[in-house]
Amino acid sequence: MTTEAASASELSRYPALNAYLRHVEGPGAELPPIPPRPTRQPRIGRPAAPLRNSPRALRAGIVAGGTGVSALWAVQAEPSARLDALFATGAHLTGLLAGYGILVMLFLMARIPAVEHGVGADRLARRHATGGRHVLELCAAHLVLAVCGYATHAGTDLVSTVVDLLGYPAIAAASAGMGLLVAVGVSSARAVRRRVTHETWRALHLLTYLGAALGFVHQLAGPDVASDVVTRWLWALLHATVAVLLVWYRLVVPIHQALRHSLRVVAVHGEGPGVFSVVMQGIGLDGLRAEPGQFLRWRFLRGGLWHTSLPFSLSAPVRGDELRITVKALGRHTRRVRRIAPGTRVLATGPFGALTAHRRTRRKVLLLAGGVGITPLRALFETLPGAPGDLTLLYRASTTEHLFLSGELEAIARGRQAALHYLLGPSDASFDPLAPQALRNLVPELAEHDVYVCGPPGMTAAATTALVRAGVPEDHIHAECFTF
Numbered sequence: 001m002t003t004e005a006a007s008a009s010e011l012s013r014y015p016a017l018n019a020y021l022r023h024v025e026g027p028g029a030e031l032p033p034i035p036p037r038p039t040r041q042p043r044i045g046r047p048a049a050p051l052r053n054s055p056r057a058l059r060a061g062i063v064a065g066g067t068g069v070s071a072l073w074a075v076q077a078e079p080s081a082r083l084d085a086l087f088a089t090g091a092h093l094t095g096l097l098a099g100y101g102i103l104v105m106l107f108l109m110a111r112i113p114a115v116e117h118g119v120g121a122d123r124l125a126r127r128h129a130t131g132g133r134h135v136l137e138l139c140a141a142h143l144v145l146a147v148c149g150y151a152t153h154a155g156t157d158l159v160s161t162v163v164d165l166l167g168y169p170a171i172a173a174a175s176a177g178m179g180l181l182v183a184v185g186v187s188s189a190r191a192v193r194r195r196v197t198h199e200t201w202r203a204l205h206l207l208t209y210l211g212a213a214l215g216f217v218h219q220l221a222g223p224d225v226a227s228d229v230v231t232r233w234l235w236a237l238l239h240a241t242v243a244v245l246l247v248w249y250r251l252v253v254p255i256h257q258a259l260r261h262s263l264r265v266v267a268v269h270g271e272g273p274g275v276f277s278v279v280m281q282g283i284g285l286d287g288l289r290a291e292p293g294q295f296l297r298w299r300f301l302r303g304g305l306w307h308t309s310l311p312f313s314l315s316a317p318v319r320g321d322e323l324r325i326t327v328k329a330l331g332r333h334t335r336r337v338r339r340i341a342p343g344t345r346v347l348a349t350g351p352f353g354a355l356t357a358h359r360r361t362r363r364k365v366l367l368l369a370g371g372v373g374i375t376p377l378r379a380l381f382e383t384l385p386g387a388p389g390d391l392t393l394l395y396r397a398s399t400t401e402h403l404f405l406s407g408e409l410e411a412i413a414r415g416r417q418a419a420l421h422y423l424l425g426p427s428d429a430s431f432d433p434l435a436p437q438a439l440r441n442l443v444p445e446l447a448e449h450d451v452y453v454c455g456p457p458g459m460t461a462a463a464t465t466a467l468v469r470a471g472v473p474e475d476h477i478h479a480e481c482f483t484f
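The opening position of the sequence shown corresponds to residue 1 in the UniProt record's numbering, with each subsequent residue numbered one higher.
Dropping the structure here:
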């Protein structure tokens with residue numbers, strides 16, 4: 001593939017890389033070549049690329065919101081040494097934080113492009129899972145403190161207190177909502193998750209919305225929110241905002257994309273043992289603004305698959321009105337995808353993921369793939385800006401039979417004068433090709449590279465650890481695991 005020198009306007013597509021080059025190499029430095037993009041007719045009024053919220057900005061926003069909720073509690077709290085008042089004060093704080101935490105969990109899973117593209121779907125899923133456990137802990141603490149406070153104040157036993165409290169409609173609603181959230185949490189435990197189908201797990205997760213609504217009813221009746229008109233309206237506005245985001249990005253946008261792009265399968269062909277590619281065509285696919293390295297959620301409208309949304313990465317850049325995914329048949333649904341007939345309608349939602357060129361901060365780049373994790377990195381290997389010698393791809397596989405898309409990778413490497421190394425051998429072999437010293441031997445100046453990692457969870461974690469030990473700064477390692 002031929003390349004041409006990047007202009008300032010072209011390089012502006014990669015702001016982090018641009019800033020690094022200007023800082024380190026000076027304003028007159030030669031910029032890395034960028035592979036030419038397909039020529040398209042100009043689109044009047046084409047929307048700009050979505051914003052990207054960094055993980056640090058997201059974390060700061062969540063902490064700021066929690067601080068604001070705590071401040072609301074502190075302003076209304078009345079100091080007292082009485083035991084019942086202490087229980088009640090603790091119940092108010094944990095209740096407010098639990099309500100706020102539920103909103104944060106829903107926000108993280110709303111599939112908002114600015115958050116998805118900046119943080120990454122896998123990292124959001126992990127934060128959602130961890131945060132969900134903390135929310136349940138806060139709910140449990142709120143329940144215990146409220147019951148103990150009421151019992152201490154009324155001088156009754158705990159059983160009588162629980163019976164009395166359930167007589168209040170708002171408290172009964174909160175109890176039902178907490179029960180639903182506990183059911184969702186139990187279904188997400190690893191031991192349970194392995195024993196239920198994906199459809200059952202998703203159906204149980206829909207109960208989160210009902211649980212949040214019941215909790216909102218309880219919060220509006222509580223003294224911390226109901227005692228002040230402004231607070232009540234702000235709390236309601238916060239809930240309404242999250243609800244609108246959920247409806248917009250999880251319902252309205254997918255329907256709009258389905259009607260706009262009219263995707264259909266045009267070909268399915270094998271790439272290796274248990275691995276195949278699905279080629280699809282549609283209308284106006286540039287409107288998806290899907291970047292190399294990203295994935296979409298695919299719903300194939302045929303029996304046994306129409307009710308399931310499957311996340312697969314693009315294994316090649318979008319070309320005109322054609323796109324491609326490459327899939328490994330690991331379960332019941334992926335095996336059914338292998339048997340899809342040409343002409344099958346497809347609904348695609350996205351794109352998602354942050355494993356894109358926008359995370360790049362260095363001139364030299366190492367792409368490290370394991371197994372079918374090659375799919376997003378193959379697209380990046382073709383499209384990342386780079387002069388000869390700037391790009392290196394390491395592909396880990398057990399045998400040559402498990403090297404997928406190798407012909408395309410070799411053609412790209414020749415055309416771009418990039419380095420391509422196959423790291424073959426069983427994962428339990430005595431020699432580990434992903435050991436820190438082995439990586440340093442394969443990739444000169446490894447610590448000066450940005451590294452993109454994609455593969456099975458175990459391989460990704462081991463590679464990340466090895467890269468850090470080899471001297472690569474953690475913020476130069478960009479990894480995504482699609483285990484959500």
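We put the CB at the ideal spot given by N, CA and C, even for glycine.
**Message:** Within a Cβ cutoff of 8 Å, which residues of the same chain sit near Thr308, ignoring the five residues on either side of it in sequence?
**Reply:** His198, Glu199, Arg299, His333
What does a CB cutoff of less than 6 Å around Leu96 pick up in its chain, not counting 5 residues either side in sequence? Val69, Trp73, Asp224
| DSSP bridge partner residues for Met280 (one or two, in chain order) | Val265, Leu323
**Asked** Where DSSP assigns a beta bridge to Arg396, which residues make up the other side?
**Response** Gly370, Leu423
What I want to know is whether the C-beta of Arg194 ends up closer than 7 Å to one or more non-hydrogen atoms of the ligand NAP. As for the ligand NAP, it is missing from this structure, which has no ligand bound.
### Query
How is the beta strand (DSSP E) around Pro55 delimited, first residue to last?
That residue, Pro55, is in no beta strand (DSSP E); its alpha helix (DSSP H) goes 55 to 76.
DSSP on Phe312, reduced to helix/strand/coil?
-> strand
Could you check what DSSP says for Asp432 in three-state terms: helix, strand or coil? coil
Would you say Pro317 and Glu382 are within 8 Å of each other, going by their C-beta atoms? yes
Quick one: what does DSSP say Thr200 is sitting in, helix, strand or coil?
helix
- Helix or strand or just coil, what does DSSP make of Val443? coil
Would you mind stating whether Leu296 and Gly373 have Cβ atoms separated by less than 8 Å? no
| query | Cα-Cα, which of Pro433, Leu384, Leu237 is closest to Tyr395? | reply | Pro433
- Message: Restricting to Cα atoms, I'd like to know which of Gly282, Arg250, Val275, Leu210 is closest to Arg264.
- Response: Gly282
- request: Report all residues from its chain with a CB closer than 6 Å to the CB of Pro55; omit the five preceding and five following residues, and keep chain order.
  value: Val119
Measuring only the C-alpha atoms, how far is Ala98 from Thr161?
22 Å
Buried or exposed: which applies to Gln219, given that a residue is buried once 16 or more other Cβ atoms fall within 10 Å of its Cβ? buried
Given Tyr168 as reference, the closest of Val217, Val196, Cys139 once Cα atoms are compared = Val217
**Q.** Spatial neighbours of Pro473 in its chain, beta-carbon cut-off 7 Å, leaving aside the 5 residues before and after
**A.** none
Notebook entry, point to check: From what residue to what residue does the alpha helix (DSSP H) around Trp233 run?
Noted result: 229 to 247
Three-state class that DSSP yields for Thr161 in the structure shown
helix
| Would a C-beta distance cut-off of 8 Å place Arg362 and Val268 closer than the cut-off? | no
Going by alpha carbons, who is nearest to Val61 out of Glu322, Val104, Leu323?
Note on identity: in this sequence residue 61 is Gly, with Val being the wrong assignment. The shortest C-alpha separation from Gly61 is found at Val104.
- Query: When you compare each of Ala71, Asp228, Arg345, Thr208 to Ala258 by their alpha carbons, which one comes out closest?
  - Reply: Arg345
(request) Check each candidate in Leu405, Lys364, Ser406, Phe404 and name the one with the smallest Cα separation from Gly389. (result) Lys364
* Indicate whether the contact test is met: 3 or more Cβ pairs, each with one atom in the segment 410 to 419 and one in the segment 319 to 328, closer than 8 Å. => no
Any idea if Ile255 is buried or exposed, counting beta-carbon neighbours within 10 angstroms, 16 or more meaning buried?
exposed
Exercise. Could you check which residue in Pro273, Ala348, Thr241, Arg302 has the C-alpha nearest to that of Ala310?
Key: It is worth fixing the name first, because residue 310 is Leu in this sequence and not Ala. With distances taken between Cα atoms, Leu310 lies closest to Ala348.
Euclidean distance between Cα positions of Gly179 and Gly211
8 Å
message = Would residue 500 and His117 qualify as a contact pair, given that the criterion is a beta-carbon distance under 8 Å?
response = This structure cannot settle anything about residue 500, because the visible part of the chain is limited to 1 through 484.
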